[in-house]
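Below is one structure; the comments refer to it alone.
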Amino acid sequence: MTLAPEVTDLKVQLQLEDSWFTVCDLSRLIPGRGVAALLPDGGQVALFRDRSGALYAIDNRDPFSGAGVLSRGLTGSHQGRPFVASPLLKQRFDLASGQCLDDESVRVATYAVRAA
6 MTLAPEVTDL KVQLQLEDSW FTVCDLSRLI PGRGVAALLP DGGQVALFRD
56 RSGALYAIDN RDPFSGAGVL SRGLTGSHQG RPFVASPLLK QRFDLASGQC
106 LDDESVRVAT YAVRAA
């Protein structure tokens, strides 16, 4: 079965300092999969959309390996908390808070994100 692509004019935006930065069309975010985007400062963000339509944005750099790979991780939920598991070492990061679920001393940056 082939699904028709979602048609929308909505853009995914991140809050950077005092302004909103447009990243991509909302239709680029497929529920359950991540997308990496380059930020104006040269950093990377990993964007996610869950099956209910909620949006999340975290730093794309895996703090354990230093590689920009979190956007390629597997998504899931643990006790109702959405997470992404790093594709390299499998640590899980809460998509809402950035907290590592496997090591409380580690977290990744999160960004306010919206579709507008």
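The opening position of the sequence shown corresponds to residue 6 in the working numbering, with each subsequent residue numbered one higher.
For glycine and all other residues, C-beta sits at the position ideal for the given N, C-alpha and C.
Take the alpha-carbon of THR80 and the one of SER91: they are about 9 Å apart. Residue nearest to ALA62 within the set LEU15, LEU34 and ASP46 is LEU34 (criterion: CA-CA distance).
Rounded to whole angstroms, the separation of the alpha carbons of CYS105 and VAL111 is 6 Å.
Under the rule that a run must span 3 or more residues, the beta strand (DSSP E) segments found entirely inside the stretch 20 to 52 read 24 to 30 and 39 to 43.
Taken atom to atom, the span from the alpha-carbon of ALA120 to that of GLY48 is near 21 Å. ARG86 is not a Cβ neighbour of ALA72, given a cutoff of 8 Å. When DSSP states are grouped into helix, strand and coil, ARG112 belongs to the strand group.
About 5 Å separates the Cβ atoms of VAL118 and LEU19, confirming a contact at the 8 Å cut-off.
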